[in-house]
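A.B. asks: Position 66 (the sequence shown) corresponds to 606 in my numbering; numbering is contiguous. C-beta atoms are modelled at their ideal positions from N, C-alpha and C, and glycine is treated no differently. Keep in mind it's a predicted model, so treat the numbers as computed, not measured.
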Amino acid sequence: MHFHVITIFPTMFDSYLSESILARALKEKKIKVSLYDPRQYVTGKYKKVWPDGNVSRIVDDRPYGGGPGMILRAEPVLKALEVALKKIEKSGSGKVKIIHFSPSGKKFDTAFAKTTAKKYTDIVMLAGRYEGIDARVVKIAKTFVGAANFSDISIGNYVLTGGELPAMVLIDSISRQIDGVLGTYESLEEERISASEFYTRPEILEWKGKKHKVPAVLLSGNHKDIEDWKLSKKA
Ligand code: SAM
541 MHFHVITIFP TMFDSYLSES ILARALKEKK IKVSLYDPRQ YVTGKYKKVW
591 PDGNVSRIVD DRPYGGGPGM ILRAEPVLKA LEVALKKIEK SGSGKVKIIH
641 FSPSGKKFDT AFAKTTAKKY TDIVMLAGRY EGIDARVVKI AKTFVGAANF
691 SDISIGNYVL TGGELPAMVL IDSISRQIDG VLGTYESLEE ERISASEFYT
741 RPEILEWKGK KHKVPAVLLS GNHKDIEDWK LSKKA
């Protein structure tokens, strides 16, 4: 699976992708992540060269019709999207999905992660910023891949500052559905009944003069009782 993220903050991904299961998946080439910064494609009056040689690349502008906040301009985002799609075409990959992040989109869940991992070879994600991306990007993106291969996705009923965290959430969750990304033990754990309460050593935790014990059922050795207890505590 190749993830492509259109973001004006590509370095935000460095830390998350360089640790743990995702770092291993990248190293073993089970997944690939490419980042495309719309700022690189800013031209014309939005690109300013200052006397000291510094360059400002402005990716936002005021909303038509008024209102608070700024809008991520269509042109640099579309150019970045075009670069991503050309790269996919060149690599000869099969099925492409485009995902646009929006707090009012379809709620992301494991079922979506599973079908997406199965059906597609490349996922292009549009991470919004400011008040969001100019709506024409979504309309044009749909014509690139067809409406059936386009989704507006929300990761929850709250408003974040940008689409970078949602992109990382999807990369993480979808990657876990790709063969070989999880080790055998991790895969087994994924399918097992999981509880919302977990305990490890010591059996009795002494904290500020008080003793905190592990629930007796977990020490009983009775697998049926343990699974029933886990079910009762299932998140
Ligand atoms: N008022 C805007 C709206 O309702 O769409 C809020 C925009 S938010 C500050 C900026 C960007 O963050 C959005 O365009 C979207 O890409 C992303 N975002 C924020 N919350 C999100 C959520 N819960 N799920 C997915 N993306 C989200």
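Between Pro-603 and Pro-578, is the Cβ-Cβ spacing less than 8 Å?
C.D. replies: No, these two residues do not count as a Cβ contact at 8 Å.
A.B. asks: With a threshold of 16 other CB atoms inside 10 Å of the CB of Ser-668, please say whether the residue is buried or exposed.
C.D. replies: Contrary to the premise, residue 668 reads as Gly rather than Ser in this sequence. With 16 or more other Cβ atoms within 10 Å, it is buried.
A.B. asks: Does the CB of Ser-574 have a neighbour CB from chain D at under 8 Å?
C.D. replies: The structure shown contains no chain D, having only a single protein chain.
A.B. asks: So Glu-704 packs on Met-610, CB below 8 Å; how close in whole Å?
C.D. replies: In fact, because the Cβ distance is near 17 Å, the residues do not count as touching under 8 Å.
A.B. asks: Candidates Ile-680, Met-708 and Thr-656: which alpha carbon is nearest Asp-554's?
C.D. replies: Out of Ile-680, Met-708 and Thr-656, Met-708 has the C-alpha closest to the C-alpha of Asp-554.
A.B. asks: Using CA coordinates, which residue listed in Asp-674, Gly-645 and Lys-753 is at the minimum distance from Gly-605?
C.D. replies: With distances taken between Cα atoms, Gly-605 lies closest to Asp-674.
A.B. asks: Say the cut is 7 Å; is the CB of Arg-602 nearer than that to a heavy atom of the ligand SAM?
C.D. replies: False, no ligand heavy atom lies under 7 Å from that Cβ.
A.B. asks: For Val-623 and Asn-697, what's the separation of their Cα atoms in angstroms?
C.D. replies: One C-alpha to the other measures close to 32 Å.
A.B. asks: Report the option in Leu-621, Val-545, Lys-679 and Asp-712 whose CA atom is closest to the CA atom of Glu-559.
C.D. replies: Glu-559 has its Cα closest to that of Asp-712, out of Leu-621, Val-545, Lys-679 and Asp-712.
A.B. asks: Between Ser-715 and Lys-774, is the Cβ-Cβ spacing less than 8 Å?
C.D. replies: In this structure, Lys-774 does not lie closer than 8 Å to Ser-715 by Cβ.
A.B. asks: Look at the Cβ atom of Ala-681, then the Cβ atom of Leu-621, and state whether they are nearer than 8 Å.
C.D. replies: Contact: yes.
A.B. asks: Take Phe-543 as the anchor and find which of Thr-661, Glu-629 and His-640 has the nearest alpha-carbon.
C.D. replies: Closest by alpha carbon: Thr-661.
A.B. asks: Compare the Cα-Cα distances from Ile-598 to each of Tyr-581, Asp-592 and Gly-607 and report the closest residue.
C.D. replies: Measuring from the Cα of Ile-598, the nearest candidate turns out to be Tyr-581.
A.B. asks: Buried or exposed: Tyr-725, going by 16 or more other Cβ atoms within 10 Å of its Cβ?
C.D. replies: Tyr-725 comes out exposed.
A.B. asks: Using the Cα positions of Tyr-739 and Ile-693, report the straight-line distance between them to the nearest angstrom.
C.D. replies: Going by the C-alpha atoms only, they are around 35 Å apart.
A.B. asks: Taking DSSP as the reference, what is the three-state secondary structure of Glu-746?
C.D. replies: Strand at Glu-746.
A.B. asks: Is it buried or exposed, Thr-551, if we count other Cβ atoms within 10 angstroms and call 16 or more buried?
C.D. replies: Looking at its Cβ environment, which holds fewer than 16 other Cβ atoms inside 10 Å, Thr-551 is exposed.
A.B. asks: Taking only heavy atoms of the ligand SAM into account, decide whether any of them is closer than 7 Å to the Cβ of Ala-667.
C.D. replies: Flag set: Cβ of Ala-667 near the ligand SAM.
A.B. asks: In the DSSP assignment, find the alpha helix (DSSP H) that holds Val-677 and state where it starts and stops.
C.D. replies: Where Val-677 is concerned, the enclosing alpha helix (DSSP H) stretches over 675-685.
A.B. asks: Can you tell me the Cα-Cα spacing of Arg-613 and Val-573, whole angstroms?
C.D. replies: The straight-line gap from Cα to Cα measures roughly 24 Å.
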